[in-house]
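Structure, as structure tokens:
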Amino acid sequence: MVVPMPGSEAALRRGCTCSAADNARGNGIPRDGKTAFWITKGCPLHDAPRQPPEMKGFADDFADDFGGDGGGE
Ligand SMILES: [Zn+2]
Numbered sequence: 032m033v034v035p036m037p038g039s040e041a042a043l044r045r046g047c048t049c050s051a052a053d054n055a056r057g058n059g060i061p062r063d064g065k066t067a068f069w070i071t072k073g074c075p076l077h078d079a080p081r082q083p084p085e086m087k088g089f090a091d092d093f094a095d096d097f098g099g100d101g102g103g104e
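Residue numbers for the sequence shown follow the working numbering, beginning at 32 and rising by one.
In structure tokens:
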């Protein structure tokens, strides 16, 4: 599944809580020659902890270890 850009209409419809205004409604902010996005902490679409594909198939207790500490700050 492709995740829509933070703040875009498609993302907001899927439950994104990032700021539409701060992300120019999904177009992002030009920064150092790149496009940056503000990710709101706790956004279910963009701040959700990601598990690399190779994690799939590991034992359940492994997943608990990796999912429990919030991914660091
Ligand atoms: Zn978001």
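The beta-carbon is built from N, C-alpha and C at its ideal position, and this holds for glycine as well.
Is any beta-carbon of chain B found at less than 8 Å from that of F68?
Among the chains in the structure shown there is no chain B, since it carries only a single protein chain.
So, with DSSP's three-state summary, where would you put A42?
Reading the sequence shown from its first residue, position 11 is the one you call residue 42. Helix.
Sorry if obvious, but does the Cβ on T48 come closer than 7 Å to a heavy atom of ligand 1?
By 1-based counting over the sequence shown, the position of residue 48 is 17. Checking the Cβ of T48 against ligand 1 gives yes.
Exposed unless 16 or more other CB atoms sit within 10 angstroms - verdict on N54:
Residue numbering aside, residue 54 sits at position 23 when the sequence shown is read from its first letter. So N54 ends up on the buried side.
Would P35 pass as a contact of F68 if the rule is Cβ separation under 8 Å?
On the sequence shown, position 4 is the one that residue 35 refers to. On the sequence shown, position 37 is the one that residue 68 refers to. Taking 8 Å as the Cβ cut-off, P35 and F68 do not qualify as a contacting pair.
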